[in-house]
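Asks:
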Amino acid sequence: MSDPAVDASRPGAVPVSPAGLDLDRLADHLAQHRPELAIGPLHATLIAGGKSNLTYLLRLGDREVVLRRPPLGHVLATAHDMGREFRVISALAPTDVPVPGALLLCTDPEVIGAPFYLMERMPGEVFRTRAQTDPLGDERRRALAMAMMDTLAALHSVEPSSVGLADFGRPEGYLARQVRRWAGQLDRSRSRDLPGIDELRDLLAATAPEGANAGRIVHGDYRLDNLLASADPVAVHAVLDWEMATLGDPLADLGLLLTYWDVLGGSDTAAGNPVADGLGPRAGFPTGSELIDRYAGRSDVDVGPLHWHVALGCFKLAVICEGIHYRHTLGQTLGEGFDRIGEMVAPLVAHGLTAARER
Numbered sequence: 063m064s065d066p067a068v069d070a071s072r073p074g075a076v077p078v079s080p081a082g083l084d085l086d087r088l089a090d091h092l093a094q095h096r097p098e099l100a101i102g103p104l105h106a107t108l109i110a111g112g113k114s115n116l117t118y119l120l121r122l123g124d125r126e127v128v129l130r131r132p133p134l135g136h137v138l139a140t141a142h143d144m145g146r147e148f149r150v151i152s153a154l155a156p157t158d159v160p161v162p163g164a165l166l167l168c169t170d171p172e173v174i175g176a177p178f179y180l181m182e183r184m185p186g187e188v189f190r191t192r193a194q195t196d197p198l199g200d201e202r203r204r205a206l207a208m209a210m211m212d213t214l215a216a217l218h219s220v221e222p223s224s225v226g227l228a229d230f231g232r233p234e235g236y237l238a239r240q241v242r243r244w245a246g247q248l249d250r251s252r253s254r255d256l257p258g259i260d261e262l263r264d265l266l267a268a269t270a271p272e273g274a275n276a277g278r279i280v281h282g283d284y285r286l287d288n289l290l291a292s293a294d295p296v297a298v299h300a301v302l303d304w305e306m307a308t309l310g311d312p313l314a315d316l317g318l319l320l321t322y323w324d325v326l327g328g329s330d331t332a333a334g335n336p337v338a339d340g341l342g343p344r345a346g347f348p349t350g351s352e353l354i355d356r357y358a359g360r361s362d363v364d365v366g367p368l369h370w371h372v373a374l375g376c377f378k379l380a381v382i383c384e385g386i387h388y389r390h391t392l393g394q395t396l397g398e399g400f401d402r403i404g405e406m407v408a409p410l411v412a413h414g415l416t417a418a419r420e421r
C-alpha cells in the first residue's frame with residue numbers, strides 16, 4: 063500500500079521527492095558511492111505501516127531496493143540509529159536469522175536530511191491487519207506464529223562474538239538501563255497528563271531483575287508485523303526494524319512480544335488499531351503461552367517468570383506510543399493510522415501496573 067501523494071512511480075509521472083527524501087541528492091550520492099545502483103530513473107514510494115522510522119521503496123531502473131531513515135521532526139536520541147540497524151543486519155547475514163541484504167549506509171544528514179541506509183527488497187508480506195490474517199485459516203495462522211517464534215529462538219542462539227557483535231551493547235545491568243532509558247524518552251515526549259505511568263516506572267526501577275540470560279542479541283521490537291513472511295508455504299523471509307537492537311536479556315523480547323500479543327492482541331479494544339489489529343488470540347492466533355512453549359522448546363534460554371518483562375514491555379510500548387502521538391500532534395507523521403496511537407497508552411499503563419505488582 064502506498065500513499066498516492068508520495069508515489070512517484072505512476073506511468074508518466076514526473077519524479078518528485080516524497081516527504082523526508084531528496085531524490086536529486088540521493089541520486090548524486092549513489093552515483094558517487096554505489097554507481098552500479100545509479101542506473102535508470104529514480105522513483106520512490108513511502109511504504110505505509112511503519113510507525114517510527116520511515117521506509118521507502120526505491121525503483122532504480124529495473125531494480126527495487128528499500129531505504130530507511132529516521133522519522134521527521136521530534137526524534138529521540140539513540141532511538142533511530144541507522145548505523146546500528148545497518149551493522150546488525152550486515153552481521154547476521156551469514157546466520158540462520160533471515161535479514162535483508164545490507165547495501166549502503168550514509169551517516170551524512172546533508173544528503174537527504176537525515177542518515178539513512180539501503181537494503182535489498184525481500185520477498186514476503188508484512189501481516190498487520192485482520193484483512194490479511196483472517197483468510198489464512200487456523201492452521202496457517204498457527205504455523206505462521208510458530209515460525210515467528212522459531213526465528214526469535216534462532217536470533218537468541220547466535221553468539222555475538224561469532225558475528226562481530228561482541229561490543230554491540232553492555233549486557234550487565236541491561237534491564238535496569240532499559241527502565242532508565244525509556245523513562246528518559248518519556249520525559250522528552252510528555253505533552254499531556256498520563257496517570258499511572260510514573261508509578262509504573264518507579265515499580266520497574268525498584269524491582270529490576272539481574273537478567274540471568276544477559277548477553278544475547280536482542281531485537282528490541284520483535285513482533286509479527288516486523289517480519290516479511292509468506293503463508294503458502296509458511297516461511298519467514300526477513301526480520302525488519304532493528305533500530306532498538308542491542309546485547310541484553312532475551313526475556314525483554316519475549317515480554318514485549320507478549321505485550322503486543324496478549325495485552326493488545328487479546329483485547330477487543332484493539333480492534334482496528336494499527337498497532338495490534340491483526341495480532342494475537344483475538345485474531346485467531348495461538349495464545350501467548352503457546353508461543354512461549356514453542357520458543358522454550360527451541361532455545362536454551364530460561365524463560366522463567368515473565369511478568370516483570372511484560373510490565374517492561376507495557377512501559378516501553380506506552381512510551382513509544384506516546385512519542386508517536388506527540389509527533390502526530392505536531393504534524394510530523396507520514397501515512398495513516400496515527401490518530402489512534404495515543405489511545406493505547408492508558409490500557410498499556412494499567413496492564414503494566416498489574417504485571418509489575420505480581421509476585
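So in this note's numbering, spot 354 of the sequence shown is number 416, and the numbers just go up one at a time. In this text, a Cβ means the ideal position worked out from N, Cα and C, and glycines have one as well.
1) If I follow the unbroken alpha helix (DSSP H) through T169, where does it start and stop?
2) Taking the CB atoms as reference points, tell me whether V161 and I174 lie closer together than 9 Å.
3) Find the nearest neighbour of A106 within the set L167, Q94, L129 and A345, judged by alpha-carbon distance.
4) Any idea what DSSP makes of R130, helix, strand or coil?
5) Inspect the beta-carbon positions of F189 and A291 and report whether they are closer than 9 Å.
6) What are the boundary residues of the beta strand (DSSP E) that A228 is part of?
7) Please tell me whether A358 and L237 are closer than 9 Å, where the distance is taken between their beta carbons.
8) Taking 8 Å as the line, does the beta carbon of H299 fall inside it for any heavy atom of the ligand MN?
9) By the three-class DSSP mapping on this structure, what secondary structure does G123 have?
10) Going by the CB atoms, is the gap between V127 and L217 shorter than 9 Å?
11) Closer than 6 Å by C-beta to V325: which residues in its own chain qualify, once you throw out the five before and the five after it? Chain order, please.
12) Give a yes or no on whether the C-beta atoms belonging to L379 and L289 are separated by under 9 Å.
13) How about A307 and F230: are their beta carbons less than 9 Å apart?
14) Among all the DSSP beta bridges, which residues are the ones paired with R278?
15) Would you be able to state if there are at least three C-beta pairs under 8 Å between the segment 257–277 and the segment 116–123?
16) Under three-state DSSP, which class holds M184?
17) Just verifying my parser: in three-state terms, what is the DSSP assignment at V296?
18) Three or more C-beta pairs under 8 Å: does that hold for the segment 253–266 against the segment 380–393?
19) Counting along the chain, where does the alpha helix (DSSP H) carrying L368 start and finish?
20) Inspect the CB distances between the segment 187–201 and the segment 273–285 and report whether three or more fall short of 8 Å.
21) Please list the terminal residues of the continuous beta strand (DSSP E) segment that includes A106.
22) Given R203, which residues of its chain have a CB within under 7 Å of its CB, disregarding the five upstream and five downstream residues?
Replies: Reading it off the structure:
1) Here residue 169 is taken as the residue at index 107 of the sequence shown, counted from 1. Run containing T169: none; DSSP gives neither H nor E here.
2) Translated into the one-based positions of the sequence shown, residue 161 becomes position 99. Translated into the one-based positions of the sequence shown, residue 174 becomes position 112. In this structure, I174 does not lie closer than 9 Å to V161 by Cβ.
3) Taking the sequence shown and counting its residues from 1, one reaches residue 106 at position 44. When each option's Cα is compared against that of A106, the closest is L129.
4) Reading the sequence shown from its first residue, position 68 is the one you call residue 130. Strand at R130.
5) Stepping through the sequence shown from its first residue, residue 189 is reached at position 127. Stepping through the sequence shown from its first residue, residue 291 is reached at position 229. In this structure, the beta-carbon distance from F189 to A291 falls below 9 Å.
6) As a position in the sequence shown, residue 228 is number 166, starting the count at 1. Per DSSP, A228 lies in no beta strand (DSSP E) and is assigned neither H nor E.
7) Working through the sequence shown from its first residue, we reach residue 358 at position 296. Working through the sequence shown from its first residue, we reach residue 237 at position 175. No, the Cβ-Cβ distance between A358 and L237 is not below 9 Å.
8) This structure lacks the ligand MN, and indeed carries no ligand of any kind.
9) Within the sequence shown, residue 123 is the residue found at index 61, counting from 1. Shown here, G123 sits in coil according to DSSP, grouped into three states, outside any helix or strand.
10) Counting from 1 along the sequence shown, the entry for residue 217 is found at position 155. Counting from 1 along the sequence shown, the entry for residue 127 is found at position 65. Going by C-beta atoms, L217 is not nearer than 9 Å to V127.
11) For this step, residue 325 is matched to residue 263 along the sequence shown. Excluding residues within five positions, the ones whose Cβ falls inside 6 Å are H413.
12) Position 317 of the sequence shown, counted from the first residue, corresponds to residue 379. Position 227 of the sequence shown, counted from the first residue, corresponds to residue 289. By the CB criterion at 9 Å, L379 and L289 fall outside the cutoff.
13) Looking up residue 307 in the sequence shown gives position 245. Looking up residue 230 in the sequence shown gives position 168. The answer is yes: Cβ separation under 9 Å.
14) Within the sequence shown, residue 278 is the residue found at index 216, counting from 1. The secondary-structure analysis by DSSP pairs R278 across a beta bridge with G310.
15) The segment 116–123, when compared against the segment 257–277, does not touch it at the 8 Å Cβ threshold.
16) As a first step, residue 184 is located in the sequence shown; it is residue number 122 there, counting from the start. It is coil, neither helix nor strand.
17) For the purposes of this step, residue 296 is taken as residue 234 along the sequence shown, with counting starting at 1. In the displayed model, V296 falls within a strand according to three-state DSSP.
18) Counting Cβ pairs under 8 Å, three or more are found: they touch.
19) Along the sequence shown, read from residue 1 onward, the residue named residue 368 stands at position 306. In this chain, L368 is not harboured by any alpha helix (DSSP H), its DSSP state being neither H nor E.
20) Fewer than three pairs of CB atoms, one per stretch, sit closer than 8 Å, so the segment 187–201 makes no contact with the segment 273–285.
21) The residue you call residue 106 lines up with position 44 of the sequence shown. Per DSSP, A106 is one residue of the beta strand (DSSP E) stretching across L104 to L108.
22) On the sequence shown, position 141 is the one that residue 203 refers to. Beyond the five residues adjoining it in sequence on each side, R203 comes within less than 7 Å, by CB distance, of T195, G346 and F347 in the same chain, given in chain order.
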